[in-house]
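Reading through the structure tokens given below for one structure.
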Amino acid sequence: MPAILTCTAPSHWPTPENCIHGDSNFCEGAAPASRKGSSSAGVNVTCMTRLGANPGPPVPQSDGGDDYAPDSPAAGGCGCLLFPARKIILFTYGRSGSSFTSAIIQRHPDIFYTFEPLYNLLRRTIGLQEGRNHFWLPNNSREQFDKSSIQIIQAFLNCSFESVDIQDVDNYQLRNSLDSRLLWKCIHIPKMTAKEALECFLKTRKDCLGHRVRMVKTIRMTGSAAARMMASHKDLRILYLIRDPRGTITSQKRVFGNFEWDKVDAFSKNFCRTFQSDLNDLEPLFVAYPGRIKLLRYETLAEAPMKVSQEMYEFLQLNFTRDVYEFVYNKTSAGQKSMHSYSTTRANSSTAAYTWRSFLPLHHAKVIDKNCQYVYDKLGYLPVTSLEELRSTNHSLKLDDVIFKGVRI
Numbered sequence: 001m002p003a004i005l006t007c008t009a010p011s012h013w014p015t016p017e018n019c020i021h022g023d024s025n026f027c028e029g030a031a032p033a034s035r036k037g038s039s040s041a042g043v044n045v046t047c048m049t050r051l052g053a054n055p056g057p058p059v060p061q062s063d064g065g066d067d068y069a070p071d072s073p074a075a076g077g078c079g080c081l082l083f084p085a086r087k088i089i090l091f092t093y094g095r096s097g098s099s100f101t102s103a104i105i106q107r108h109p110d111i112f113y114t115f116e117p118l119y120n121l122l123r124r125t126i127g128l129q130e131g132r133n134h135f136w137l138p139n140n141s142r143e144q145f146d147k148s149s150i151q152i153i154q155a156f157l158n159c160s161f162e163s164v165d166i167q168d169v170d171n172y173q174l175r176n177s178l179d180s181r182l183l184w185k186c187i188h189i190p191k192m193t194a195k196e197a198l199e200c201f202l203k204t205r206k207d208c209l210g211h212r213v214r215m216v217k218t219i220r221m222t223g224s225a226a227a228r229m230m231a232s233h234k235d236l237r238i239l240y241l242i243r244d245p246r247g248t249i250t251s252q253k254r255v256f257g258n259f260e261w262d263k264v265d266a267f268s269k270n271f272c273r274t275f276q277s278d279l280n281d282l283e284p285l286f287v288a289y290p291g292r293i294k295l296l297r298y299e300t301l302a303e304a305p306m307k308v309s310q311e312m313y314e315f316l317q318l319n320f321t322r323d324v325y326e327f328v329y330n331k332t333s334a335g336q337k338s339m340h341s342y343s344t345t346r347a348n349s350s351t352a353a354y355t356w357r358s359f360l361p362l363h364h365a366k367v368i369d370k371n372c373q374y375v376y377d378k379l380g381y382l383p384v385t386s387l388e389e390l391r392s393t394n395h396s397l398k399l400d401d402v403i404f405k406g407v408r409i
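Going by full-length UniProt numbering, the final residue of the sequence shown carries number 409, and the count climbs one at a time with no gaps.
Set out below in structure tokens:
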């Protein structure tokens with residue numbers, strides 16, 4: 001039976017750290033909270049609020065081993081109430097619309113967003129260029145990579161930054177989120193003392209704990225690792241973002257430059273073999289954990305951004321506020337054209353999703369079609385038969401009414 005703390009209304013509202021450490025200035029009879037393992041975010045305690053003399057109902061514990069500690073009365077009564085924090089993994093592949101999609105999600109103020117925490121791990125495992133795609137993982141490295149990637153992602157979702165290897169904190173990709181950027185800065189501010197670095201880490205952890213929802217975006221996790229996390233974290237949801245392989249591969253060639261066109265056969269074969277493996281690992285989760293995993297085609301979001309954004313928010317159990325509505329509108333319909341490859345602003349999001357069709361050579365498209373047929377059949381993409389089909393935006397290269405595990409995608 002978890003401990004229950006009754007709280008008094010303090011003269012000022014406590015921080016998440018006050019609640020987590022059971023600060024007696026804020027909670028009557030509070031002893032230091034017990035912890036699961038060595039994780040400093042692993043609070044194993046349930047609190048009750050006391051508004052006057054009437055305590056509220058107990059809050060269920062989080063299976064992930066940590067809780068959300070609000071620091072304002074609006075977040076839950078007297079400030080000592082610990083809510084189970086919700087966790088999200090945006091699972092996808094490089095150049096598949098993840099920057100656009102995550103920008104929409106992280107607009108919500110409850111989100112603490114971490115960008116690509118596995119970047120350095122994959123580079124250490126298989127090298128610099130290949131580090132953008134986990135399909136280059138040799139079989140003898142996969143098990144250890146999965147184990148390490150689970151530990152890293154779990155640490156970021158639990159705000160347990162002290163358990164992350166310094167090599168993985170020194171990851172410049174973390175700068176691409178305003179939230180995780182704070183952590184990266186803790187070891188990169190010039191002339192920072194050890195004491196100041198520790199204070200910086202604690203401040204970032206406090207900020208993370210103060211968010212009701214934590215999200216990690218990764219293009220480097222395997223489907224097998226994601227499946228294992230779903231089994232052990234009942235508060236975890238996975239948004240599996242996919243894109244037409246022709247669009248992903250063409251964009252990777254243009255932006256990453258990680259293969260030459262005369263190697264497109266080998267590259268697309270490896271890519272879609274991994275895509276197929278991930279699908280096979282994740283597909284059973286739709287039955288085992290209904291409502292906790294969602295497959296989203298980037299093209300569907302790009303064609304109906306407002307409608308699909310609202311559906312995405314509903315899946316993630318987030319309120320689609322007026323601010324989010326205006327954000328999505330401005331990102332997709334404002335007529336702003338960006339020249340930057342990683343820009344999340346799309347003057348016409350539907351046009352942006354299919355730009356690859358204007359310059360992908362037909363013979364390369366047919367090579368990708370051949371190597372990715374299994375993925376096409378599962379997810380409703382269609383092969384091309386002529387250059388006219390490839391270039392004409394009036395000719396759809398996907399089926400619109402595709403049912404995947406009982407859900408229209």
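Every residue, glycine too, gets a C-beta built ideally from N, C-alpha and C.
Check your understanding: In the DSSP assignment, what are the bridge partners of V407?
Key -> In the DSSP secondary-structure assignment, V407 is bridged to F404.
**Study point:** Where the alpha helix (DSSP H) through residue 417 begins and ends
**Key:** Nothing in the structure corresponds to residue 417, since the chain is present only between 1 and 409.
Exercise for review: Between the Cα of D185 and those of G210, D170, I88 and T193, spot the shortest distance and give me the residue it belongs to.
Suggested key: Strictly speaking, residue 185 in this sequence is Lys, with Asp absent from that position. Among G210, D170, I88 and T193, the Cα nearest to that of K185 belongs to D170.
Check your understanding: For N371, which residues of its own chain have a beta-carbon under 6 Å away from its beta-carbon, when the five flanking residues on both sides are left out?
Key -> S268, K269 and C272
Review point. Alpha helix (DSSP H) containing I219: first to last residue?
Key: That residue, I219, is in no alpha helix (DSSP H); it is neither H nor E in DSSP.
**Study point:** the segment 374 to 382 in contact with the segment 394 to 407 per 3-pair CB rule at 8 Å
**Key:** Yes: at least three Cβ pairs fall under 8 Å.
Exercise for review: Give a yes or no on whether the minimum CB-CB distance between T250 and chain D is below 8 Å.
Suggested key: Chain labels in this structure do not include chain D; a single protein chain is all it has.
Point to revise | C-beta contact flag for Y240 and I293 at 8 Å | key: yes
Check your understanding: For D179, which residues from the same chain have a beta carbon less than 7 Å from its beta carbon, with the 5 sequence-adjacent residues on both sides left out?
Key -> F112, Y113 and T114
**Study point:** Under 8 Å between C-beta atoms of L183 and K87
**Key:** no
Check your understanding: Which partner residues does P112 have in the DSSP bridge list?
Key -> In the sequence as presented, Pro is not what sits at residue 112; that position holds Phe. For F112, which the question treats as bridged, DSSP gives the partners R214.
Review point. Do D265 and V367 have their C-beta atoms closer together than 8 Å?
Key: Going by C-beta atoms, D265 is nearer than 8 Å to V367.
Check your understanding: Terminal residues of the continuous alpha helix (DSSP H) containing K147?
Key -> It spans N139 to L157 - the alpha helix (DSSP H) in which K147 sits, taken as one unbroken run.
Review point. Going by the beta-carbon positions, is the gap between I409 and R237 smaller than 8 Å?
Key: no
**Study point:** Outcome for D323 when other beta-carbon atoms lying within 10 angstroms are tallied against a minimum of 16
**Key:** exposed
Practice item. Excluding the 5 residues preceding and the 5 following I403 in the sequence, name in chain order all residues of the same chain whose CB lies nearer than 8 Å to its CB. Key: I409
**Study point:** Residues that DSSP places opposite L295 in a beta bridge
**Key:** Y240
Point to revise | Exposure of G247, with buried meaning 16 or more beta-carbon neighbours within 10 Å | key: buried
Review point. Tell me the DSSP bridge mates of I89?
Key: V216 and I238
Review point. Closest to F259 by CA distance: which of H364, A103 and Q151 is it?
Key: H364
Check your understanding: What does DSSP give as the partner residues of Y381 in its beta bridges?
Key -> As a beta-bridge residue in DSSP terms, Y381 pairs with K398.
Practice item. Note the first and the last residue of the continuous alpha helix (DSSP H) segment covering W184. Key: S180 to K185
Check your understanding: Going straight from the alpha carbon of A352 to that of F320, what length do you get?
Key -> If you take the alpha carbons of A352 and F320, they lie about 24 Å apart.
**Study point:** Residue range of the unbroken alpha helix (DSSP H) whose run includes residue 488
**Key:** Given that the chain is displayed from residue 1 to residue 409, the structure contains no residue 488 and the question cannot be resolved.
Point to revise | Nearest neighbour of E311, chosen from M230, I105, F100 and R95 [CA to CA] | key: When C-alpha distances from E311 are compared across M230, I105, F100 and R95, the shortest belongs to I105.
Check your understanding: Of the residues V164, G257, R107 and S148, which one's Cα is nearest the Cα of R228?
Key -> Of the listed residues, the one whose Cα sits closest to R228 is S148.
Check your understanding: Using CA coordinates, which residue listed in G97, N140, A226 and I152 is at the minimum distance from L121?
Key -> Answer by Cα proximity: I152.
Review point. When the Cα atoms are used, what is the spatial distance from V407 to V308?
Key: 14 Å
Check your understanding: Roughly how many whole angstroms lie between the Cα atoms of A155 and V216?
Key -> 11 Å
**Study point:** Residue range of the unbroken alpha helix (DSSP H) whose run includes D207
**Key:** For D207, the enclosing alpha helix (DSSP H) covers residues A194 to L209.
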